[in-house]
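Undergrad: Just passing along the structure, written as structure tokens.
Number of protein chains: 2
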Amino acid sequence: MVDITVGIDIGGTNTKLGFVDREGKCLVQASVPTNAQEPAETLIIRLHNKIDELQAQIREAATVKGIGIGAPNGNYYRGTVENPPNLSWKGKTDIVGLFHRVRNIPVTITNDANAAALGEGLFGVARGMKDFIVITLGTGLGSGIVANGELIYGADGFAGELGHTIVDPDGRECGCGRKGCLETYASGPAIAAMGIKAVVQGLTTRIGELANYDLNRITPELIYQAARGGDAIAQDIYERAGFYIGIAVSNVLTMVGPRKVVIGGGVAQAGEMLLEPIRRTVNERVFIMLASEAEIVLAELGTNAGIIGAAMWAYERITNQEYKEVRIE
Amino acid sequence: MVDITVGIDIGGTNTKLGFVDREGKCLVQASVPTNAQEPAETLIIRLHNKIDELQAQIREAATVKGIGIGAPNGNYYRGTVENPPNLSWKGKTDIVGLFHRVRNIPVTITNDANAAALGEGLFGVARGMKDFIVITLGTGLGSGIVANGELIYGADGFAGELGHTIVDPDGRECGCGRKGCLETYASGPAIAAMGIKAVVQGLTTRIGELANYDLNRITPELIYQAARGGDAIAQDIYERAGFYIGIAVSNVLTMVGPRKVVIGGGVAQAGEMLLEPIRRTVNERVFIMLASEAEIVLAELGTNAGIIGAAMWAYERITNQEYKEVRIE
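For the protein sequence lines, the chains are V and X, in the order given. Counting along the first sequence from 1, when you hit position 325 you're at 325 in my numbering, and nothing is skipped either side. To convert a position in the second sequence, counted from 1, into my numbering, add 329.
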């Protein structure tokens, strides 16, 4: 008999879940479609059923001690997901409450980037560190900041929105209604949009050819392939994304002084193509006293960081006095 | 017999000190010239003698339990002041070590803005709050960030350098060697420089007249007087400073989510003239979920915040296990 928690990583397209033991080992995992155009209830039912399936699947009997969820705009204080940018649930969705209707165990939620930061801090590239930041580059651009050994939630539970820090006050219009947010330069869709624009403008690039002239097939991965093949326009797109991430990272270093900056999420698969301009910009732009010390590295846990972090978050909350008050027995 | 700690606030021109009891009451205070062109040793001797004078002055016998120092680029981890921007001490100056040569009591140092944040959090406008930031607008532009109830020092002890976050990647050259730092738009010298430029350019403003056409007399206070009198150029200078502080505050809110933003230091004496454009910019520019919640207010402790904060810092460190290891008995 082994104690596990279920780690759930809610994404725009798919929601991943896994049974994770206290050592951060993922015993079994699966995925269900998020179908965010439907009400959140339907996702909760799919997850509930999938948890039962997974329990039947694993050889060793497992006691599910709790469920930890990482979600875009997940709010730990309220148990909610609030106006998630890439899901169509409107307003505040009481995810923890919905889960409690179908499953009588402790459930806790946090921001997906915070879950990734917990994962990297416990079992990844930031193991044992007290001051670090994890940046997740995907459909959105999030971050989890650990300072003095603790995740920073802020007064409202929404701290760490690096993607909506302003890197140019006169910059691009952002989906959030503001201007010059980092997300408009360096998220997956922002990078794809730069590739599409280059093709539409008729610039000399292989991006269009690689996508078979189907603009919908222009992704950060495809642009990365072009860049690796020596395409100057594609390289310039990663250069620009890296520059603006570098500006935002400089500001984070100057404000909260992490020792390590961990870059994860799908877009980070571009590796050095992205890290090199980030590092260069930080070296040129960060306040001198902080420049020498911080390492900028790739995440280690890969696509499982979210699941593992969310599961660890559940362990932490379950053993925490505060949590017991809201626990349903 | 009353227990006190000595709070010391090292400034570019003068260094203030005071005897502060555990309730944050300043029993007696004084000031010595910093004379930063001389070696730091001479300042320490002046402070040492002044402490003796103050002890003789107060009626009630006081036991000095320790000394807390707030200084520009004060580093709590190392007991040093490192390359202070507005003092001519080069490299790392071991202030704690120098004090220990002349006075056999616990001495501890921190950044001046961190000391102000401690003061405001204990006895000022952020009393009892767990998430807030204090911004000090003076010769430099510093900040102390409290998150989860703790000051953020960062891995190197230099976190909170809001003045060197980048508010415009193509912006003005900064004394730190980088570009577009907030300090180039909103510190005391930056505001004075904008006034001087307006006069030199022959713009229609009363700033020159108010300064008797002596450019050295153009200060943030004088520009504030002109602005209050309806001078549009002077008002525009505060508008611009407020705009850039607003961009930086938006980024801080988005990253660390303080509930309150406290504006202090000499330049903050402009009050609403400065706060109004800061608030307006934040409302227009901050990520929507955080906009409604944070209050932007003036500091309460005024010019004593640094002394009181540094003294409280000493109490905190003296009663802290860690500190005892480096204490000289």
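A virtual CB, placed ideally from N, CA and C, is assigned to each residue, including glycine.
Would you mind sorting glycine 408/X into buried or exposed? The rule is 16 or more other CB atoms within 10 Å of its CB.
TA: Buried: at least 16 other Cβ atoms inside 10 Å.
Undergrad: Closer than 8 Å is the cut-off here; do at least three beta carbon pairs connect the region 623 to 631 of chain X with the region 374 to 382 of chain X?
TA: Touching, no, given that fewer than three Cβ pairs across the two stretches are closer than 8 Å.
Undergrad: Between the region 183 to 200 of chain V and chain X, which residues of the former have a C-beta closer than 8 Å to a C-beta of the latter?
TA: Listed in sequence order: no entries.
Undergrad: First and last residue of the beta strand (DSSP E) that includes asparagine 114/V?
TA: Not the beta strand (DSSP E): asparagine 114/V falls in the alpha helix (DSSP H), residues 112 to 123.
Undergrad: Could you name the residues that DSSP lists as bridge partners for serine 333/V?
TA: Nothing can be reported for residue 333/V: it is not among the residues displayed for chain V, which extend from 1 to 329.
Undergrad: Are the region 154 to 171 of chain V and the region 70 to 87 of chain V touching by the rule of at least three beta carbon pairs closer than 8 Å?
TA: Touching, yes, given that three or more Cβ pairs across the two stretches are closer than 8 Å.
Undergrad: Just the Cα atoms here: how many angstroms apart are serine 143/V and isoleucine 133/V?
TA: Their Cα atoms are separated by approximately 7 Å.
Undergrad: When we look at the beta-carbon of asparagine 580/X and count the other beta-carbons within 10 Å, is it buried (16 or more) or exposed?
TA: Asparagine 580/X comes out buried.
Undergrad: Kindly say whether glutamate 568/X, judged by its beta-carbon, lies nearer than 7 Å to any beta-carbon of chain V.
TA: So no, glutamate 568/X is outside the interface.
Undergrad: Along chain V, in chain order, which residues have C-beta atoms closer than 7 Å to that of valine 611/X?
TA: Ordered by position in chain V, no residue passes the 7 Å Cβ test against valine 611/X, which lies about 11 Å from the chain.
Undergrad: Report all residues from its chain with a CB closer than 7 Å to the CB of isoleucine 647/X; omit the five preceding and five following residues, and keep chain order.
TA: Counting only Cβ-Cβ distances below 7 Å, and skipping sequence neighbours, we find Lys394, Gly395, Pro435.
Undergrad: My understanding is that leucine 137/V touches isoleucine 308/V, with C-beta atoms under 8 Å, so please give their C-beta distance in whole angstroms.
TA: Actually they are not in contact, since the Cβ atoms of leucine 137/V and isoleucine 308/V sit about 18 Å apart, beyond 8 Å.
Undergrad: Near alanine 521/X, what residues of its chain come up, given a Cβ to Cβ distance below 8 Å and the 5 sequence neighbours on each side ignored?
TA: Closer than 8 Å at Cβ, skipping near neighbours: Ile547, Thr548, Pro549, Ile552.
Undergrad: Exposed or buried, what is valine 326/V when buried is set at 16 or more other beta-carbons lying within 10 Å of its beta-carbon?
TA: Summary for valine 326/V: the model assigns pLDDT 37, below 50, so the residue's position carries little reliability, and this model does not support an answer.
Undergrad: Find the nearest neighbour of alanine 391/X within the set Ile339/X, Phe348/X, Gly341/X, Asn612/X, judged by alpha-carbon distance.
TA: Out of Ile339/X, Phe348/X, Gly341/X, Asn612/X, Phe348/X has the C-alpha closest to the C-alpha of alanine 391/X.
Undergrad: Expressed to the nearest angstrom, what Euclidean distance is found between the alpha-carbon atoms of isoleucine 164/V and phenylalanine 616/X?
TA: The sequence as given places histidine at residue 164/V; isoleucine does not occur at that position. Approximately 6 Å between the Cα atoms of the pair.
Undergrad: CA-CA distance, valine 335/X and arginine 609/X?
TA: Going by the C-alpha atoms only, they are around 39 Å apart.
Undergrad: Per DSSP, aspartate 3/V is paired with what?
TA: Per DSSP, Thr63/V.
Undergrad: Can you look up alanine 570/X in the DSSP assignment and give me helix, strand or coil?
TA: Helix at alanine 570/X.
Undergrad: Going by DSSP, name the residue or residues bridged to serine 143/V.
TA: DSSP lists Ile135/V as partners of serine 143/V.
Undergrad: Name the DSSP bridge partner or partners of isoleucine 495/X?
TA: Partner(s): Cys510/X.
Undergrad: Given a threshold of 16 other Cβ atoms within 10 Å of its Cβ, counted over all protein chains shown, does glutamine 564/X qualify as buried or as exposed?
TA: Looking at its Cβ environment, which holds 16 or more other Cβ atoms inside 10 Å, glutamine 564/X is buried.
Undergrad: If we define contact as Cβ-Cβ less than 7 Å, is phenylalanine 348/X a contact residue for chain V?
TA: No, phenylalanine 348/X lies away from the interface with chain V (no Cβ there is under 7 Å from its Cβ).
Undergrad: Along the beta strand (DSSP E) that carries lysine 260/V, what are the first and last residues, could you check?
TA: Counting along the chain, the beta strand (DSSP E) containing lysine 260/V begins and ends at 260 to 264.
Undergrad: Among residues of its own chain, excluding the 5 on either side of alanine 12/V, which ones have a beta-carbon nearer than 6 Å to its beta-carbon?
TA: The displayed chain sequence assigns glycine, not alanine, to residue 12/V. For glycine 12/V, where only same-chain residues beyond five positions count, the Cβ hits under 6 Å are Asn86, Thr139.
Undergrad: Judging by CA-CA distance, which residue of Pro606/X, Trp418/X, Gly426/X, Asp560/X is the nearest neighbour of valine 578/X?
TA: Per the Cα distances, Pro606/X.
Undergrad: Applying the criterion that 16 or more other CB atoms from any shown protein chain within 10 Å of the CB defines a buried residue, is lysine 260/V buried or exposed?
TA: That one is buried.
Undergrad: Against isoleucine 145/V, what residues of chain X qualify as contacts under a CB-to-CB distance less than 8 Å, listed in chain order?
TA: Here the neighbours are Met584, Val585.
Undergrad: Lysine 324/V: buried (16+ other C-beta within 10 angstroms of its C-beta) or exposed?
TA: With a pLDDT of only 41 at lysine 324/V, under 50, the local geometry of the prediction cannot be trusted, and no value is derived from it.
Undergrad: Where does the unbroken beta strand (DSSP E) through glutamate 41/V begin, and where does it stop?
TA: It is not in any beta strand (DSSP E) - glutamate 41/V instead sits in the alpha helix (DSSP H) that spans 40 to 57.
Undergrad: If the cut is a Cβ gap below 8 Å, which residues of chain V does valine 463/X touch?
TA: Within chain V, no residue comes near valine 463/X; the closest Cβ sits about 13 Å away, beyond 8 Å.
Undergrad: Should alanine 299/V and glycine 68/V be called a contact, given that it needs their Cβ atoms to be closer than 7 Å?
TA: For alanine 299/V and glycine 68/V, no; Cβs fall outside 7 Å.
Undergrad: Rounding to the nearest angstrom, what Cα-Cα distance links leucine 470/X and glycine 594/X in this structure?
TA: So the alpha carbons of these two residues sit roughly 9 Å apart.
Undergrad: Could you spell out the range, first to last residue, of the beta strand (DSSP E) harbouring glutamate 295/V?
TA: Segment 295 to 298, the beta strand (DSSP E) holding glutamate 295/V.
Undergrad: For alanine 305/V, collect the residues of the same chain with a Cβ closer than 7 Å to its Cβ; drop the 5 residues on either side in sequence, then sort them by chain order.
TA: Ala116, Gly119, Glu120, Gly124, Gly264, Ala299, listed in sequence order.
Undergrad: Please classify arginine 456/X: is it buried, with 16 or more other beta-carbons within 10 angstroms of its beta-carbon, or exposed?
TA: Arginine 456/X is exposed by the Cβ-count criterion.
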